[in-house]
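A.B. asks:
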Amino acid sequence: MNWTALIIFIAFFALVTVIGFYSARWRRGDLSHINEWGLAGRRFGTVITWFLVGGDLYTAYTFIAIPALLYGSGAIGFFGVPYTIVIYPFAFAVMPRLWSVARKHGYITASDFMKGRYQSGSLALAVAVTGIVATMPYIALQLVGIQVVLQAMGITGTGILADLPLIVAFAVLAAYTYTSGLRAPASIAIVKDLMIYITIIGILIVVPAKLGGFGHIFDTAKAARPATFMLGPKAFSAYGTLAFGSALALFLYPHAITGVFSSSSRGVIKRNAALLPAYSLLLAFITLLGYMAITAGIQTKDTSLVVPLLILKELPSWFAGFAFAAIAIGALVPAAIMSIAAANLFTRNIYKEYFRPGATSQEESKVAKLVSLVVKLGALFFIVVLPHSYAINLQLLGGVWILQTLPPVVFGLFTRWFHRWGLLAGWFAGMAIGTTMAILNQFKGSVYALHIGGSVIPAYAAVWALIGNLIVTVVVTLVLNAVKVSNGADQTAEADYRIDTATT
Amino acid sequence: MKVDRRPGRSKVWYVLLVIPFIGTMFPSFYSFDAPRLWGFPFFYWYQMLWVIISAVITFAVYLATREA
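Chain order of the listed sequences is U and H.
If you use our numbering, the first sequence corresponds to residues 59 to 562, in order.
If you use our numbering, the second sequence corresponds to residues -15 to 52, in order.
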């Protein structure tokens, strides 16, 4: 049991807990209204949004799983870097439009937008369900991040005792998310992101020098992983499509959209598209921890332990405690935002839509608070009771599924040419194709080798599914337009997609 | 609320946002070890450089398309 590390860990954990509860008073608003609880009143400026979205997108699971991938599978593990490079030009071009139309019409979810743009309950439901189902395993996996650092500090036991710290941590998270809504993870994100930057800069100052410099680190990794150190020709299409597909999908996740909707102006989103890449550089160095671990002689069959083991071996105990706290807190922020986003979706697009159309903003807020609690409990159950592979497989599918909401949500922002039933059919086709590919792969990976003509092309299953999705969407659109089936009423006007608030 | 009204000409700037995709989505062009920079193989430092390049491009497009 590493007592020094544990004490520092608990100290920082206690700090963010206090911050979480106090954040209810920050930028005061009536938290009994869903706009305030679920979107912090749409008042976050550039700096807060940078911390919030950064903390939201770069999760504990990212910090544990990506270096683990580099350690185990070599160069393909670096896909997180091109992935997080191309997200931002895409977000810059697309997200301000979504923000504007949401602001104008009071949308709190992408599903709201579907209803307003296409007057299609089915499309709205499809997008809502996809969003909820894709988010849940992601929350569960953040718990894995907390679990591995607890394990590394020597907190082990059997049965329920082993999971007690995790349960306590999550109970506390659930409590302050309930009271403060989105303000809680936003305020904690400031602490978390500062801690992560300090940790990585600290590691970069200490570890490469100890290990003999980056040149030596890469050489050792090359010697240990001769087949995978450099990307071979067979892996090119897999690498490119993994990055591309993941990038397009990221801002479709409910928690990313919640982050966008909580911004106070279009300018906040655009400026952050230029500023958030700082985290991508951070991610590049975090990924390389995988090779540093090889050089440091870390040997483990369970690759999720690579980063904690490296930290324990190369850093003094007090810094290890700080680093572990950063990772664990790094799980709390996205878990909170994801549960709020899923709650917003369920409350607005399922509860209010199908059960209580007359629900007031106050009632919505009450329901959302409860749902976010339930969602977190579900995630806890998943990780404590079921094997991790269940959550990992569902997360894999979740990434494939959420990309299928791109045609309705993103194309819908620019044009109404696509027919709503075409989009629904395309969505369904994409879901079916992607799920089938994952099953055929026996969930061993998200890259599917498709046989076309005489050649075999391995590519990210989500991208194959999206292609199928688009083909079906276009064909059905052409048919339905020819037969003159109605495309529903459009609540929005072109100018709505460009409105802005007074702040620049 | 004001409307973000951009003159038609400035929409061209958005095309620049495609450049980061071209630079990074085709690993066949950059999957090499040499030349190394500060110990980093080309494959790795090339992609890290593109983080900076695409942030600069995005910022340039932001400045160019801002309402005066």
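Using N, Cα and C, we set each Cβ at its ideal position, and we do this for glycine too.
Because the structure is a prediction, the values reported are computed rather than measured.
Could you list the residues in the stretch 329 to 363 of chain U with a C-beta less than 7 angstroms from some C-beta on chain H, going in chain order?
C.D. replies: Cβ contacts with chain H come from 329, 331, 332, 335, 338, 339 and 342.
A.B. asks: Does residue 552/U pass the burial test, meaning 16 or more other C-beta atoms within 10 Å, or should it be called exposed?
C.D. replies: Per the 10 Å Cβ criterion, exposed.
A.B. asks: In the structure shown, what three-state DSSP assignment does residue 285/U receive?
C.D. replies: Residue state, collapsed to three classes: coil.
A.B. asks: For the alpha helix (DSSP H) containing residue 163/U, name the first residue and the last one.
C.D. replies: That run of the alpha helix (DSSP H) goes 138 to 163.
A.B. asks: Note down, in chain order, every chain U residue with its Cβ under 7 angstroms from the Cβ of residue 4/H.
C.D. replies: Simply 143, 144 and 147.
A.B. asks: Just to make sure I have the definition right: I need the residues of chain U whose C-beta is within less than 7 angstroms of the C-beta of residue 11/H. Which are they?
C.D. replies: Here the neighbours are 289, 294, 297 and 298.
A.B. asks: So residue 510/U is in the beta strand (DSSP E); what residue range does that whole segment cover?
C.D. replies: Residues 505 to 510.
A.B. asks: If the cut-off is 8 angstroms on Cβ atoms, which residues from the stretch 12 to 24 of chain H count as contacting chain U, listed in chain order?
C.D. replies: Those would be 12, 15, 16, 17, 20, 22, 23 and 24, in chain order.
A.B. asks: Kindly indicate if chain U contains any beta-carbon less than 8 angstroms away from that of residue 35/H.
C.D. replies: Chain U, which has a Cβ nearer than 8 angstroms to the Cβ of residue 35/H, makes this yes.
A.B. asks: Applying the criterion that 16 or more other CB atoms from any shown protein chain within 10 Å of the CB defines a buried residue, is residue 81/U buried or exposed?
C.D. replies: So residue 81/U counts as buried.
A.B. asks: Can residue 398/U and residue 201/U be called in contact, C-beta distance under 8 angstroms?
C.D. replies: No, the Cβ-Cβ distance between residue 398/U and residue 201/U is not below 8 angstroms.
A.B. asks: Could you have a look at residue 514/U and say whether DSSP puts it in helix, strand or coil?
C.D. replies: Looking at residue 514/U - three-state DSSP - the assignment turns out to be strand.
A.B. asks: With DSSP collapsed to three states, give me the class of residue 231/U.
C.D. replies: Residue 231/U: helix per DSSP, three-state reduction.
A.B. asks: Excluding sequence positions up to five away, which residues of its chain have a Cβ less than 8 angstroms from the Cβ of residue 1/H?
C.D. replies: 41, 42 and 45.
A.B. asks: So, with DSSP's three-state summary, where would you put residue 12/H?
C.D. replies: Helix at residue 12/H.
A.B. asks: Kindly indicate if chain H contains any beta-carbon less than 8 angstroms away from that of residue 272/U.
C.D. replies: Yes - at least one Cβ of chain H is within 8 angstroms of the one on residue 272/U.
A.B. asks: Out of 505/U, 477/U and 554/U, point me to the one whose CA is closest to residue 536/U's CA.
C.D. replies: Here the closest residue by C-alpha is 477/U.
A.B. asks: Can you tell me whether residue 214/U is buried or exposed? The criterion is at least 16 other CB atoms within 10 Å of its CB, across all chains shown.
C.D. replies: Residue 214/U is exposed by the Cβ-count criterion.
A.B. asks: Would you kindly report the start and end of the unbroken alpha helix (DSSP H) that includes residue 114/U?
C.D. replies: From DSSP, the alpha helix (DSSP H) with residue 114/U extends over 104 to 115.
A.B. asks: Going by beta carbon distance, what residues of the same chain come within less than 7 angstroms of residue 29/H, once the five residues before and after it are set aside?
C.D. replies: So the list reads 21, once near-sequence residues are dropped.
A.B. asks: Specify, as a first and last residue, the run of the alpha helix (DSSP H) that residue 179/U falls within.
C.D. replies: Here the alpha helix (DSSP H) through residue 179/U covers 179 to 210.
A.B. asks: Going residue by residue through the stretch 305 to 349 of chain U, where are the continuous alpha helix (DSSP H) segments of at least 4 residues, counting only ones entirely within it?
C.D. replies: Fully enclosed alpha helix (DSSP H) runs of 4 or longer: 312 to 319 and 324 to 333.
A.B. asks: If we define contact as Cβ-Cβ less than 8 angstroms, is residue -6/H a contact residue for chain U?
C.D. replies: Judged by the 8 angstroms Cβ criterion, residue -6/H is not in contact with chain U.
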